[in-house]
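Residue 123 is where the sequence shown starts when you use my numbering, and the numbers rise one by one after that.
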Amino acid sequence: MLCAAAVVSIIIGYIQHGLPDGLIEGTSILIALNIIIFVNSGNNYLSEKRLADLVNLSEKQMVAVFRGSSDSETIDANDLVVGDLVVIESGMKVPADMLVVSG
123 MLCAAAVVSI
133 IIGYIQHGLP
143 DGLIEGTSIL
153 IALNIIIFVN
163 SGNNYLSEKR
173 LADLVNLSEK
183 QMVAVFRGSS
193 DSETIDANDL
203 VVGDLVVIES
213 GMKVPADMLV
223 VSG
């Protein structure tokens, strides 16, 4: 809509005032429109990036694991491998397909 208004303003300004002076208003509208587009695009990119980082952070789940020793270590659920013994507590999401050893 603003692009069409800028083009109409350039045409009317050219007809009424001639070449250099008639282009000022239409060109100003186009410049302002480009500034708005670039600023909004930058803001949208940053907010989408922050949202993706927040989603990745919320998907992290730390679990207590026994790996061949009697001491447990806390790792990210994405780092689980076959043979890990996971300690599951009440209210916890099950981080992978697994067999229940004791309950």
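Backbone N, C-alpha and C define an ideal beta-carbon position, used for all residues, glycine too.
Spatial distance of Leu-124 from Ser-180 (CA atoms): 41 Å
Straight-line Cα distance separating Ala-154 from Glu-195: 57 Å
Contiguous alpha helix (DSSP H) assignments of at least 4 residues, all confined to the region 176–205: none
Span of the beta strand (DSSP E), counted from its first residue to its last, around Val-208: 207–209
DSSP-derived helix/strand/coil call for Ser-161: As written in the sequence, residue 161 is Val, which differs from the Ser given in the question. Note: Val-161 maps to helix in three-state DSSP.
Nearest-angstrom Cα separation, counted from Ala-174 out to Val-223: 36 Å
Own chain partners of Glu-147 with C-beta closer than 7 Å, once the 5 adjacent residues on each side are dropped: Ser-131 and Gly-135
Contacting residues, own chain, Cβ-Cβ under 7 Å from Lys-182 (five flanking each side not counted): Asp-198
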